[in-house]
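For the sequence shown, position 39 matches number 39 in the UniProt record's numbering, and the numbering has no gaps at all.
Even for Gly, the Cβ is constructed at its ideal location relative to N, Cα and C.
As the structure is a prediction and not an experimental result, all values here were calculated from the model.
Structure, as C-alpha cells:
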Amino acid sequence: MERLIVSKGIYFDGRKDNTIFQEKIGAKIYRRIRKEEHISVIHEPGGQYIGHITPASGIGSDIAKWSLKYLEDNNVAINELEAIGCDGTATNTGWRNGVIRNI
1 MERLIVSKGI YFDGRKDNTI FQEKIGAKIY RRIRKEEHIS VIHEPGGQYI GHITPASGIG
61 SDIAKWSLKY LEDNNVAINE LEAIGCDGTA TNTGWRNGVI RNI
C-alpha cells in the first residue's frame, strides 16, 4: 500500500453524536440511540481529510490509542510528523490524561 506523505501535521477534532444502532431482544429487533465520540482527522497544509475515528470512549487515553492505531493502519508516517494539533479542551490537552499527553 502507498505511504501517505506527511510533511507538516495532523489535526483532529471531535464531537459526541447520537448514533442509531439495532438491539435484538428475544425475537424482536429494536432501534436504539446512543452517544458516541466521533473524531475527524485532517492533514495540513491543505486541509486534506484523512478519515474519522470512533474510539471506545471519550477519554484522552482511548482517543490517543485509537488515533495512533488508525494512522498506523492507514500507512501514515507518524515519525515524520512535525505537529499534532487540536482544540483546547481538557480531553485533548489535559496534563494527566489528555490526548496530546498520551501520544
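Minimum C-alpha distance to residue i - residue among the options
| i | options | result |
| --- | --- | --- |
| G51 | S61, Y30 and N75 | N75 |
| I103 | D13, S67, G46 and I42 | S67 |
| D17 | V99, Y11, I42 and I33 | I33 |
| R15 | I53, H43 and Y30 | I53 |
| N97 | D87, G85, G58 and I25 | G58 |
| R101 | K69, I63, A77 and K28 | I63 |
| Y49 | T89, L71, G26 and F21 | L71 |
Bridge-paired residues (DSSP) for residue i
| i | result |
| --- | --- |
| T89 | T89 pairs with nothing; no bridge assigned. |
| R96 | According to DSSP, which records beta bridges pairwise, R96 is partnered with nothing at all. |
| I84 | I10 |
Residue interval of the alpha helix (DSSP H) (run including residue i)
| i | result |
| --- | --- |
| S67 | G60 to D73 |
Start and end residues, beta strand (DSSP E) containing residue i
| i | result |
| --- | --- |
| I20 | G9 to I25 |
| I29 | K28 to E44 |
| G47 | It is not in any beta strand (DSSP E) - G47 carries neither H nor E in the DSSP assignment. |
Straight-line gap, residue i to residue j (C-alpha atoms, nearest Å)
| i | j | result |
| --- | --- | --- |
| C86 | N92 | 7 Å |
| D73 | K35 | 25 Å |
| E80 | W95 | 24 Å |
| K65 | I84 | 14 Å |
| A77 | S61 | 21 Å |
| T89 | I29 | 38 Å |
| Q22 | K69 | 27 Å |
Contact belief for residue i with residue j at Cβ below 8 Å, rounded distance in angstroms
| i | j | result |
| --- | --- | --- |
| K8 | E82 | 5 Å |
| E37 | Y11 | About 17 Å separates the two Cβ atoms, so there is no contact after all. |
| I42 | P55 | In fact, because the Cβ distance is near 17 Å, the residues do not count as touching under 8 Å. |
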